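All remarks here apply to the structure that follows.
2 protein chains.
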Amino acid sequence: MSEVKDYKYIGQRTIRPDGFDKVTGRANFGADLTLPGMLWARVKRSPYAHARIIDIDTSKAEALAGVMAVATAADFPAIASETLQMGETSADIRDLARNNLALEKVLYHGHAVAAVAAVSQTIADQAVELIEVEYAELTPVMDVLEAIKDDAPILHDDLFTAGLAETPETPSNIAMRMELKKGDIDAGFAEADVIVEREYQTPTVHQGYIEPHACTVRYDEDGQSMIWCCTQGHFDVRASTAKILNMELSKIKVIASEIGGGFGGKTTIYLEPVALVLSKKSGRPVKLVMNREEVFRASGPGSATRSWIKVGARKDGTITAMQGILHYEAGAFKGSPMAPGVMCVFTPYDVANVHIEGFDVVVNKPKVAAYRAPGAPQAEFAAESAINELADKLDMDPIELRLKNAAKEGTQAIYGPKFKAIGLVECLEAAKNSAHYKSPLGKNQGRSIAAGFWFNAGMSSSVVINMNPDGTVVVVEGSPDIGGSRASMAMMAAEELGIAVEKIKPIIADTDGVGLNSTTGGSRTTFATGMAIIEAAQDVVKQMKERAAAVWNVTLDQVDWVDGVAVNTADEARLSAAEICAAAGSTGGPISARASLTARGAGPSFAVHVADVEVDPDTGKVDVIRYTAIQDAGKAIHPGYVEGQYQGGAAQGIGWALNEEYIYDENGVLENAGYLDYRIPLASDLPMIETVIVEVPNPFHPYGVRGVGESSIIPPLAAVSSAVSNAIGVRMSELPCSPPRVLKAIQSRDN
Amino acid sequence: MSEVKDYKYIGQRTIRPDGFDKVTGRANFGADLTLPGMLWARVKRSPYAHARIIDIDTSKAEALAGVMAVATAADFPAIASETLQMGETSADIRDLARNNLALEKVLYHGHAVAAVAAVSQTIADQAVELIEVEYAELTPVMDVLEAIKDDAPILHDDLFTAGLAETPETPSNIAMRMELKKGDIDAGFAEADVIVEREYQTPTVHQGYIEPHACTVRYDEDGQSMIWCCTQGHFDVRASTAKILNMELSKIKVIASEIGGGFGGKTTIYLEPVALVLSKKSGRPVKLVMNREEVFRASGPGSATRSWIKVGARKDGTITAMQGILHYEAGAFKGSPMAPGVMCVFTPYDVANVHIEGFDVVVNKPKVAAYRAPGAPQAEFAAESAINELADKLDMDPIELRLKNAAKEGTQAIYGPKFKAIGLVECLEAAKNSAHYKSPLGKNQGRSIAAGFWFNAGMSSSVVINMNPDGTVVVVEGSPDIGGSRASMAMMAAEELGIAVEKIKPIIADTDGVGLNSTTGGSRTTFATGMAIIEAAQDVVKQMKERAAAVWNVTLDQVDWVDGVAVNTADEARLSAAEICAAAGSTGGPISARASLTARGAGPSFAVHVADVEVDPDTGKVDVIRYTAIQDAGKAIHPGYVEGQYQGGAAQGIGWALNEEYIYDENGVLENAGYLDYRIPLASDLPMIETVIVEVPNPFHPYGVRGVGESSIIPPLAAVSSAVSNAIGVRMSELPCSPPRVLKAIQSRDN
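Going down the list, the protein sequences come from chains F and V. Each residue of the first sequence is one higher than the one before, counting from 304 in our numbering. Each residue of the second sequence is one higher than the one before, counting from 304 in our numbering.
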């Protein structure tokens, strides 16, 4: 366990290094790069949700003046099935290629079938209309429970359910079944005095990032290429693109632009290999940018789910059994976040008897992507709703019920580890003791709470620290900054070096400029890249002490490092970092250090949220009137950013709970492909979200850091919907709790 | 001494990594960056070669519509005198600032006095005309021998000759005197049977780079800044700019563009601090580009010299004494390459009695810059011409005379070291044995030879090597590639790693992206940065062996590394670099390595050139009809590039010998400020230059590398002018041997 240290920079609210660039508009995002001779591209998309491609005739498009290249899946090398670790999720490269450009079948409305590069966007737009695609239309399957029926239309003839005792002989839409068990579930329910059992439903949702997917690429005559794009993980863009196009990694340089939101949605690729093919065929740079409608129709949303939950407890509140069956929509290709959902769903509870089954199911919607704690909000919405209902039935306070059963240090988590120090109890206590939880409610108002659990990830990070001759510092990292990590990296370097954070410049290198870095996701960056920063900074300090020892002709153990100054313990002589660095050329060379690691011991993260809502009984409209997000940060490096993560996750979860859903027509066509009709919360929709940072140090990190980026999106779904339930007296088990659905519940109650 | 190794990649003629970019025009040079909202700038320059600035009135320029900022020296912070190590030369920052924008005095025609940034180049050009500068004109001094006279106009009231026993009480134009002595010079001449004594003169010359100085800069609201420029050393641009503007190094990112030639002329700065001031004042990015005329009038040429040389020998050819007095023009501010001239002038000879005096003298010309082996061509022109004359008087073959007196292993060089293995004798033997040297000459033709010596430099280099998961490699270096170093770096990495050079991508990072690197100059890059590459690559191999050992559960000494594959010596199990790198995430993290060093032991470099000329007796025009450049490379990493260096240096030296000179009028105004009137050799002027690569390994480098970039410019001055002497029978001691001067010599002979 980390001891509590007296930090100088850690825990401060330092100025963000990218602030001026962002507020002045100087920061360059995915669509902001323009190259000489660049072409503009557009993707031709499927008008059907499910169809076989009979023929693609690009000749008329190619004949249009100004068209420089046309690409179809035929331009991709044949790809054997291969799985690539892609940050939080793993992608099948063959599927990924077919998602980038459809081969043989289109599997959702908007599926890419071809692309054109032309000398203007207008010509590219005209040219895609001239591409003639002959389809054999098939019946789409749009719902996970429909898709698993025996007579459902089958999306992939070669998809056989994995995770069964035996691989089945017939293909199905169930890509995988997963099961976790502990104890004796039947005995557990037999012990219970009270049982809650219910089905839950969550819709397909969008991550709500503002910036559409975009890239500008260049493929040179010698096979060298460059990709500029907005992504959470430029090394994964490189890996995926290289695999799809059968290129060597050293032939692709990926530069991560600034990113206008990702939240998991930018951990995969849609455009880059297509644009590179167009660039290679045309010999010109190519820019390919999705419009908003394309983002909705053809990039990866959060998975829709259907869950069945059963929980039982003794009268004293001891939960004796928890059972769940979770169905996740994968969209057009296998790979929903079902597995993390299964692993998270009951993990806040230390319960003897647990049984969870999960199913990853393909449907004719775009392939889902990660969305902040992927899979967990859907599963834990169901579980936490059931726990709230259980508390109701037991006539117990929902916090007390959770405290009685909470996972804590020593709890054996069903997904593997025995927990070291974790902060769930501390978060529950903070909720219980909050002014918010003790405050009175008015008419038509309801309050509830929910807990949330997320693993957090470690994965690989590489950094370099270069000392300048004036003692200022450049920290070279390769984790795209999606939530303030430039600041946290500079702060950790400052702490180790004893050099003021203002003198430390964090930069995010392209894939050529620094060693491998896993995608920024899984709340891993401040934890794992931070560990690399700390390791490299410690190496810098060691080198600086060595230089000082050499100057003083003393042994290394006679040199202390105090606040950025080497101190000779014998005679109190001092050499500052600036003095040591200025002389470095003559004492052995410039001072720099690197660290590359695969971080282990990401600290499990727990959050507890308290939500108050007011329901308009006439319209069913729900207003969140007070909201508190409590979460264990382990150690908050930059509290302002940590609070921002808590608030951002809460806002997204509230939107998911109340309004957000993809609405498809009977042909599988999305009817609300834009922010006017797909309603994310605006600032004016939300109260100021209160935050409480709990700090139970992660014993595996030098400063005790846990990731903070994801857990905050988990509790709002159940906290808000249970608060609605409490306000109207009807159990809400389907999201979103939109006005029509709430009004219907009120009306059903009153009838 | 390095053993001769069996190399796999070293010594091959691999394809240059930047070839496609260069031939397609895709490569971006100094003027090629354009930023949104960018302003265009122009510098206001002095119409006088020497004047006091009474007043600068910028009000009319500022009032012109479209002008966004005006800068003068008043915008620079006050700078105390401070010397910064600047690659091959050292710069006084106070002088450098005043050379960038004149303060109090203008010291040469074209000296920058102010600058304007405007929304268009046209407006910027108009605006500088509206700046009113009131001058008090002073008499210029344009020649080094005039400048040292007691009654000469004094350029700097605060310049007192350094290097004397006592600092004098009155200022002078002599910035420094330097003296090197060995033995007893008078006794040496007393021993001599034959003595040659003569005065020599070399003109101010231009390095002949094609690309003018150019930069685009941005100074942000938070004090962060970016400089894009063509330079041989972006870290030195950063250091100089930071000092002049009193900024922290971490606040300046310098990106080195591709470079259209530098040859020493791009080791200093003229524009960057001025452009940054304009950017800071305007809040906009600024582009500032010299036109050709400005390059000639106001950037640093090669130093003009006046030398007196006296050499004596016994009849058998034993040189008994060598004496020289060398005067170098520094231009407007102190700091000619006098010191290396003094250190090089007689260094090819192992002679008992030597005496050299050197003088660094300011004159009203632009401050000189480095030019390929700075200082050495001028001094060795004089010395080698004298040696050729001595050979004549002794009736000895000039190669035999040199062989008899040649420096060799064990020779105590006058500038410090006792030579380890050096290749002068081998070069002389190669010349003697060449078909060229044995070939007959025709009418009006002459032949001669000359030797050349240059130290070569080491200095600091930092590199990082990143292994990609597919076993391809990125080599991150920070040495601008002015002569093919991308290729040599990739080749050395390939050799150490045992990975094909095509799989290795060398990139040149900006000042943020890699640790400190000294300027590409002093022929240091393949030597010193190469040493860092080798060290880092050896670390990579060690790490890969460690990973393999861990996989096999054996000790490290049981793992061999053979051609990029780890081999288990016990059971012949094998793991390729690609396999090890693919698994690196799960065996400890990504694999990368770094090295930062200050390289010692740069190998002294000797060259011997043979020149045949034909003189047109009617016009004095000289044609070089055959030319052979022989030089010790230590070990030629990429023979094609090495030959290119030999040929390029020879071409420049031939131009210096025959045609190039700055011609000033009586007011100190350059009359030939452009390539139409300043005549550098064209391809059509030169024969194919034959090359011989001698390889006497440098014992201080793992592969025996010596720098090859500079020595080749030294011999042509004496070789060609002595060949002219031999053709016409008149001793040519003043350069260039241009048609008027040669014709005059012929006429003086005939009269």
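Ideal Cβ placement from N, Cα and C applies to all residues, glycine included. This structure is a prediction, so every number in the text was calculated from the model and none was measured.
G755 (chain V) beta carbon less than 8 Å from that of A1026 (chain V): No; because the gap between Cβ atoms is not below 8 Å, this pair is not in contact.
Following the continuous beta strand (DSSP E) through R750 (chain F), name the residue where it begins and the one where it ends. Per DSSP, the unbroken beta strand (DSSP E) holding R750 (chain F) starts and ends at Q748 to W757.
If the cut is a Cβ gap below 8 Å, which residues of chain F does A542 (chain V) touch? Under the 8 Å cutoff, chain F gives P772.
CA-to-CA distance, L552 (chain V) to A334 (chain F), given in whole angstroms: So the two alpha carbons sit approximately 31 Å from each other.
For a test of the three-state rule: what should DSSP assign to Y631 (chain V), helix, strand or coil? Note: Y631 (chain V) maps to strand in three-state DSSP.
Given a cut-off of 8 Å, decide if C730 (chain V) and A910 (chain V) are closer than it, judged by their beta-carbon atoms. One thing to note: A910 (chain V) has its Cβ within 8 Å of the Cβ of C730 (chain V).
Ordered along the chain, which non-local residues of its own chain (more than five positions away) have a Cβ less than 6 Å from that of V436 (chain V)? Result list for V436 (chain V): I359 and V416, in chain order.
Could you check whether the segment 623-639 of chain F touches the segment 898-907 of chain F, counting it as contact only if at least three pairs of C-beta atoms, one from each stretch, sit closer than 8 Å? In this structure the segment 623-639 of chain F does not lie against the segment 898-907 of chain F, because fewer than three pairs of beta carbons, one per stretch, are closer than 8 Å.
Buried or exposed (CB count within 10 angstroms, at least 16 for buried), M699 (chain V): Under this definition M699 (chain V) is a buried residue.
Terminal residues of the continuous alpha helix (DSSP H) containing I690 (chain F)? Residues A679 to L697.
Given this structure, state the Cα-to-Cα distance separating A394 (chain V) from V540 (chain V), to the nearest angstrom. As the crow flies, the alpha-carbon of A394 (chain V) is around 12 Å from that of V540 (chain V).
Beta-carbon contacts of N656 (chain V) that lie in its chain and below 7 Å, excluding the five residues immediately before and after: K485, G486, D487, I488, A490, G491, T623 and A624.
A851 (chain F) in three-state terms, based on DSSP: Correct three-state label for A851 (chain F): helix.
Hey, quick one: how far does the beta strand (DSSP E) through H739 (chain V) stretch, first residue to last? Taken as a continuous stretch (DSSP letters only), H739 (chain V) belongs to no beta strand (DSSP E), being part of the alpha helix (DSSP H) at A738 to K741.
Proximity test, Cβ basis, 8 Å: A803 (chain F) and chain V: No, A803 (chain F) lies away from the interface with chain V (no Cβ there is under 8 Å from its Cβ).
A430 (chain F) and A372 (chain F): beta carbons closer than 8 Å? Taking the C-beta atoms as reference points, A372 (chain F) is found no nearer than 8 Å to A430 (chain F).
How about M389 (chain V): is its C-beta nearer than 8 Å to some C-beta of chain F? Model confidence at M389 (chain V) stands at a pLDDT of 49, short of 50, so the residue's coordinates are unreliable and nothing is read from them.
Could you tell me whether the segment 322-332 of chain V touches the segment 554-566 of chain V, where touching means 3 or more Cβ pairs closer than 8 Å? Here the segment 322-332 of chain V makes contact with the segment 554-566 of chain V; the two share three or more CB pairs at distances below 8 Å.
Alpha carbons only, please: which of V:N871, V:P893, V:N759 and V:L800 is nearest the one belonging to T829 (chain V)? Relative to the Cα of T829 (chain V), the nearest Cα in the group V:N871, V:P893, V:N759 and V:L800 belongs to V:N759.
Taking C-beta pairs closer than 7 Å, name the residues in chain V that E551 (chain F) reaches, listed in chain order. Simply D773, T775 and K806.
Could you give the uninterrupted runs of the alpha helix (DSSP H) lying entirely in the segment 836-891 of chain F, keeping only those of 4 residues or more? Segments of the alpha helix (DSSP H) lying fully in the segment 836-891 of chain F: 880-885.
Can you tell me the Cβ-Cβ gap for V671 (chain V) and E703 (chain V), rounded? I've got them flagged as a contact below 8 Å. Contact doesn't hold; Cβ gap of about 36 Å is too wide.
Who are the near neighbours of V862 (chain V) in its chain, counting only those whose CB is closer than 6 Å to its CB and skipping five residues on each side? Around V862 (chain V): K848, A851, A852 and A869.
Using the beta-carbon of each residue, which ones in chain V are nearer than 9 Å to A812 (chain F)? Those within 9 Å of A812 (chain F) in chain V are V779, A812, D815 and G816.
With H353 (chain V) as the anchor, note down where its alpha helix (DSSP H) starts and where it stops. Here H353 (chain V) belongs to no alpha helix (DSSP H), and DSSP marks it neither H nor E.
Leaving out five residues on either side along the sequence, give the residues of the same chain with a beta carbon under 7 Å from the beta carbon of S688 (chain F). In the same chain as S688 (chain F), and ignoring 5 residues on each side of it, the C-beta atoms closer than 7 Å to its own belong to Y503, A1021, S1024, S1025 and S1036, in chain order.
Assign K613 (chain V) to one of two classes, buried (16 or more other C-beta atoms within 10 Å of its C-beta) or exposed (fewer than that). It is buried - the Cβ of K613 (chain V) has at least 16 other Cβ atoms within 10 Å.
Could you run through the segment 504-529 of chain V and flag, in chain order, every residue whose CB is less than 7 Å away from some CB of chain F? Residues passing the 7 Å Cβ filter: D523, E524 and D525.
Taking the alpha carbon of T327 (chain F) as the reference point, which residue from V:E432, V:D309 and V:D523 has its own alpha carbon closest? For the residues V:E432, V:D309 and V:D523, the minimum Cα distance to T327 (chain F) belongs to V:D523.
Taking Cβ positions, are G867 (chain V) and G761 (chain V) nearer each other than 8 Å? The criterion of a C-beta distance shorter than 8 Å is not satisfied by G867 (chain V) and G761 (chain V).
So is F909 (chain V) in contact with chain F if we call contact Cβ pairs under 8 Å? Not one chain F Cβ lies under 8 Å of F909 (chain V).
Where in the segment 381-466 of chain V do unbroken runs of the alpha helix (DSSP H), each at least 4 residues long, occur, reported from the N-terminal end onward? Qualifying alpha helix (DSSP H) stretches, in chain order: 396-403, 424-433 and 447-450.
Within 10 Å of its beta-carbon, does M389 (chain V) have 16 or more other beta-carbons around it, so buried, or fewer, so exposed? Model confidence at M389 (chain V) stands at a pLDDT of 49, short of 50, so the residue's coordinates are unreliable; what they give is reported in the following sentence. With 16 or more Cβ atoms within 10 Å of its Cβ, M389 (chain V) is classed as buried.
Does the separation of the CB atoms of I313 (chain F) and A364 (chain F) fall below 8 Å? No.
Just the Cα atoms here: how many angstroms apart are K707 (chain F) and D1053 (chain F)? Approximately 35 Å, taken between the alpha carbons.
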